[in-house]
Structures are given as C-alpha cells and as structure tokens.
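Colleague:
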Amino acid sequence: MNFKKILSQLNIPAQCKRYGLPLWQCPSFLFLIMGIIIIASTLIAYAIGTRYIENPEIVALIILILTAILFIIAFIITRSFERLAEASRMKSEFISVVSHQLRSPLSNLRWAIELLMSGRLGKIEERQTEYFKILKENSARMGELVQDLLTVSKIETATLPLKKREISLENLIRELISEFEPFAKASNVEIEFKPQKDLPKVFADPSQIRLVVENLLDNAIRYIKDRGRAEILLEKKGKNLYFEIKDNGVGIPKGDQKYIFQKFFRSENILRYQTQGSGLGLYISKAIVERSGGKIGFKSEENKGSTFWFTLPIK
Amino acid sequence: MPKTILFIEDESALQKTFGDILKQEGYEMISALDGEVGLRLAKEKKPDLILLDLILPRVHGFDVLKKLKEDKETKEIPVIVLTNLEGIGDVDKALEMGATTYLVKAQYSLEEVVDKIKKALGE
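Going down the list, the sequences are from chains A and B. Here the first sequence stands for residues 1 to 315, where the numbers follow the numbering used here. Here the second sequence stands for residues 316 to 438, where the numbers follow the numbering used here.
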C-alpha cells in the first residue's frame, strides 16, 4: 500500500461522502470514535480506580457504564453496515428490474426489424438496408448490454443457476472459434488453437463456460490493432484443464491491471480507440470461473499484448 | 384449412409482428392480450398450438399453463412458452407442467421462433 492510498484511507470525511452517508452513520468514523473511547475509558478507569476511589464497586460501575456506551456504538456501527448492505442489495434489484423491463421492448424492436429486413412485407431498397443494418446492430448491442447487466445482478444476488455436467472444453472452443471466424477475419486476426491430445472433460455449466471463452476470445480479437494473432492453448495440469489465450494486442497499462476484473472498468488505452464494451465481461468471467471451482488470471504488457488464462476442475 | 395458433401475449407490438409473419407462413393467428381471454379462446377455438407469454395481466402465464393442462379439452394442445422470464427453475417448472418448448425471447431470432412453431406442429 503506498503513502497516497494510506492517506486516502485516513480521510474519513471523504470516505463517508463516497458512501453517501452522514458522519454519525459512517462505519469508518464510528470505528475511530469507538477506538478513542476504548483507549480513553481504559485510561480513565485505571486513573480513577488507582488514585481516587477506594470502593471497588464504584470502579466496577464506571466500567459497566463505559461498556454500555461501547455496546451502543457497536450497535450503531453494525446498523450502518446493514444500511450499506441494503443499499447494495437495492442497487442489484434495481439493475435486475430495469434490465427485465428493457428486454421486452428490445425483443419487440429486434423482431420488427428482422421482419422488415426479411423482405416479407415488401422489397427494401439498398439505401434503406444500410439503415436497417444500423438499427439491427445497435438493438443487438443494447440487448447484449442488458443481458450482461442481468448476469451481473444474478451474480450479486447469488441467483445465477449453475447446471454442472461433463463437457468437452475442446469442442466448445472449436465451436466458438468457428462462430468468431467472420469477426476475426474482418479484424485481420488469425486464431490458432493448440489443444493437447486426449484431453479429459471438465465438470461445469456449458452455457456459462461458453460465456467465459466468448468474452476472452472477443477481447483478444477486439483489442488487436490492425492485424495480429490470437493463440489458444488447452492442456491438462494436475486435476484441472488449463486454458490460455495469448494476443499481440494493445495490452493493459500497468496502473490499470489491478482493476481489470472490476465491474464497469475499462482500461484507459482501450477507451482511446474502442468505445464499444460495457466493462462487464471480465467481471462476469471471473465470477463464473470461481463459482465453477477454477481460477482466472492474466499477464499483460502495454503495446505488446495480453495472455488471459483460466483453469477448470476435471471432476 | 389453415392451422390456428393462439398467441397469449400482452405486448401488442409482438401480436402485430407475429400476426404478419404467421399469416405469411399460412397460419391463422388468434390474439389474446391477457391470461383470462387466452384461456377462454383456447376452449372456444381449440387452436392447433398455443404461444404463451408468462408475465400476463389478470391470470399469470404459469396459471394459464396449469389450467390448460388440467382441462381435458385443451390438455393435448402443444404450448410453446415465449417469454423473457428466466429465473432459477422457471424453465424446469414450465416443462414439468407440460409445455412443449421454453423459448427466451432475447435468445432467439424471429425465424428461429417460427421454426420452433413449425416443429411443434409436426411440420
């Protein structure tokens, strides 16, 4: 922890402001007050007890009163933590409700566009087709964002269903590579897949692991500037399968690396030229891999590329 | 005689979209904007297939499904659930109650839904 970080931890009014709480409900402020009272009360009890009072019952009474005060403060601190937890729960619920409400009009919009574009209702001119494509692509983008928000709210409320079964990670990767082929081609990216021979199956939820590989593959292709190469490895390591995807893309600046799995975080160098993306993919991937009993990590160097990896238990 | 499809869905925009595409595919579509009307029309018209949303006014989609499958006049009609609800257990619950297929709107294109309808009608 550097000096600046320690200082920011000590700036209690700023911390309370960040949580949107008044001082008397702010955990860090109340904790400080409690600490001061504990030290003061111990010293006072000691001083009074040894110098001025001969009757031990009065000393006991003073200690009792001070203990009661400490109990009240501890109660207030607990309540303020409950308020923070409640605020977090309400935020997740809000995201869930809004996402659900957005899904219906988005489906209506998407299907109406599809019907128009199919030509079933009449021929569309070429110039109109371009605009229909814009409508379609952007409604799809909104749909993906809403889906990501729903997944995040399910992760936070622990309601994301996990239907584990034996799956071939190798086959799943092959399927996804062929799905991503047009996108990779359009981005001038070559995908190379090198699986070890005779790999065992993993025990995981296929739709969720699909989401993880999709996110990592999409990031690798998206963040390769101009042209490049994404290499995927799959091998057995002890009781796990080890997946790795290496790209020669823009990489992650050192200062941003510790935030990369945080919700909504997008690296500064990426924002400069790539505006699309919600900053939720890696947060979701980490949650899924960890819930599946695996680990996830990366190494990266700015302007050289990134390597993301994860493991999944075989049984 | 064209096959009839009862669409129980409170979104009139979707009623219109499906009305158009199903007509083009040679089906006759009957609309119900809430669960109560949906149940009445299912008994009266005896459609060949029912497309059912779950979040519905008056009678919830799960209750509609339950009543359809309890009634001997309607229990044989295949029901495709078409919804955006995908909570833990929703899919299993609907399939256990007798739904033929469970489709999450956000995950399917219009053509894919039409294909599922054809499949459920044995075409």
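Just so you know, even glycine gets a beta-carbon here, dropped at the ideal spot from N, CA and C. Model, not experiment: these values are computed from the prediction.
So if I threshold CB-CB distances at 9 Å, which residues from the stretch 331-352 of chain B count as touching chain A?
Modeller: Flagged, chain order: K331, T332, F333, D335, I336, Q339.
Colleague: Using beta carbons (cut-off 9 Å, strictly below), is B/K408 in contact with chain A?
Modeller: For the purposes of this step, residue 408 of chain B is identified with residue 93 of the second sequence, where counting begins at 1. For B/K408, the answer is no, since every Cβ of chain A falls outside 9 Å of its Cβ.
Colleague: Mind listing the chain B neighbours of A/S153? Cutoff is C-beta to C-beta under 9 Å, in chain order.
Modeller: Position 153 of the first sequence, counted from the start, is the residue given in the question as residue 153 of chain A. Those within 9 Å of A/S153 in chain B number zero; the least Cβ separation is about 11 Å.
Colleague: Tell me where the beta strand (DSSP E) around A/T307 begins and ends.
Modeller: For the purposes of this step, residue 307 of chain A is taken as residue 307 along the first sequence, with counting starting at 1. 305-313 is the span of the beta strand (DSSP E), which, as asked, contains A/T307.
Colleague: Which two residues bound the contiguous beta strand (DSSP E) that contains A/E244?
Modeller: Residue numbering aside, residue 244 of chain A sits at position 244 when the first sequence is read from its first letter. Its beta strand (DSSP E) spans residues 240-247.
Colleague: In chain B, which residues lie less than 8 Å from A/Q25 when you measure between Cβ atoms?
Modeller: Your numbering for residue 25 of chain A matches position 25 in the first sequence. Those within 8 Å of A/Q25 in chain B number zero; the least Cβ separation is about 34 Å.
Colleague: Check the Cβ-Cβ distances between B/G402 and every residue of chain A, and say whether any is below 9 Å.
Modeller: Here the question's residue 402 of chain B lines up with position 87 in the second sequence. Chain A, which has a Cβ nearer than 9 Å to the Cβ of B/G402, makes this yes.
Colleague: Which term fits A/T157, buried or exposed, when burial requires 16 or more other beta carbons within 10 angstroms of its beta carbon?
Modeller: As a first step, residue 157 of chain A is located in the first sequence; it is residue number 157 there, counting from the start. Its Cβ having fewer than 16 others within 10 Å, A/T157 is exposed.
Colleague: Going by C-alpha distance, which of A/G294, A/C26, A/I39 is nearest A/E212?
Modeller: What you label residue 212 of chain A is simply residue 212 of the first sequence in a count that begins at 1. Reading the sequence as shown, one finds Val at residue 212 of chain A and not Glu. Among A/G294, A/C26, A/I39, the Cα nearest to that of A/V212 belongs to A/G294.
Colleague: Can you grab the Cα-Cα spacing for the pair A/L216 / A/P105, in whole Å?
Modeller: Within the first sequence, the letter at position 216 stands for residue 216 of chain A. Within the first sequence, the letter at position 105 stands for residue 105 of chain A. For A/L216 and A/P105, the distance between alpha carbons rounds to 29 Å.
Colleague: Does A/A112 get closer than 9 Å to chain B when you measure Cβ to Cβ?
Modeller: Within the first sequence, numbered from 1, the residue matching residue 112 of chain A stands at position 112. Output row for A/A112: interface = yes.
Colleague: Would you list, in sequence order, the uninterrupted alpha helix (DSSP H) runs of no fewer than 4 residues that lie entirely inside the stretch 176-264 of chain A?
Modeller: You should have 206-222.
Colleague: Grab the span of the alpha helix (DSSP H) containing A/Y19 for me, first residue to last.
Modeller: Position 19 of the first sequence holds residue 19 of chain A. A/Y19 -> alpha helix (DSSP H) spans 12-19.
Colleague: Give the range of the beta strand (DSSP E) segment to which A/R165 is assigned.
Modeller: Working through the first sequence from its first residue, we reach residue 165 of chain A at position 165. Here the beta strand (DSSP E) through A/R165 covers 165-167.
Colleague: If you draw a straight line from the alpha carbon of A/W24 to that of A/V98, how long is it in whole angstroms?
Modeller: The sequence position of residue 24 of chain A within the first sequence is 24, counting from 1. The sequence position of residue 98 of chain A within the first sequence is 98, counting from 1. Answer to the nearest angstrom: the Cα atoms are 32 Å apart.
Colleague: Please classify A/T67: is it buried, with 16 or more other beta-carbons within 10 angstroms of its beta-carbon, or exposed?
Modeller: Numbered from its first residue, the first sequence carries residue 67 of chain A at position 67. A/T67 should be labelled exposed.
Colleague: Distance, Cα to Cα, B/G413 vs A/S88?
Modeller: Within the second sequence, the letter at position 98 stands for residue 413 of chain B. Within the first sequence, the letter at position 88 stands for residue 88 of chain A. Each residue's alpha carbon lies about 38 Å from the other.
Colleague: Are the stretch 356-367 of chain B and the stretch 383-395 of chain B in contact at 8 Å, needing three or more beta carbon pairs?
Modeller: A contact exists between the stretch 356-367 of chain B and the stretch 383-395 of chain B.
Colleague: Below 8 Å on C-beta distance, what does A/R103 contact in chain B?
Modeller: For the purposes of this step, residue 103 of chain A is taken as residue 103 along the first sequence, with counting starting at 1. The contacting residues are N399, K420, A421.
Colleague: Thinking C-alpha only, which one of B/S327, B/L329, B/T319, B/P362 is nearest B/E391?
Modeller: Translated into positions along the second sequence, residue 391 of chain B becomes position 76. Of B/S327, B/L329, B/T319, B/P362, the residue nearest in Cα terms is B/P362.
Colleague: So that I know if they touch, is there some Cβ in chain A lying closer than 9 Å to that of B/E411?
Modeller: Your numbering for residue 411 of chain B matches position 96 in the second sequence. It does not: the Cβ of B/E411 has no partner Cβ on chain A nearer than 9 Å.
Colleague: Quick one: is A/P27 buried, meaning 16 or more other Cβ sit within 10 Å of its Cβ, or exposed?
Modeller: What you label residue 27 of chain A is simply residue 27 of the first sequence in a count that begins at 1. By the 10 Å Cβ count, A/P27 comes out buried.
Colleague: For A/G238, does the count of other Cβ atoms within 10 angstroms reach 16, so buried, or fall short, so exposed?
Modeller: On the first sequence, residue 238 of chain A is found 238 positions in, with the first residue counted as 1. Label assigned to A/G238: exposed.
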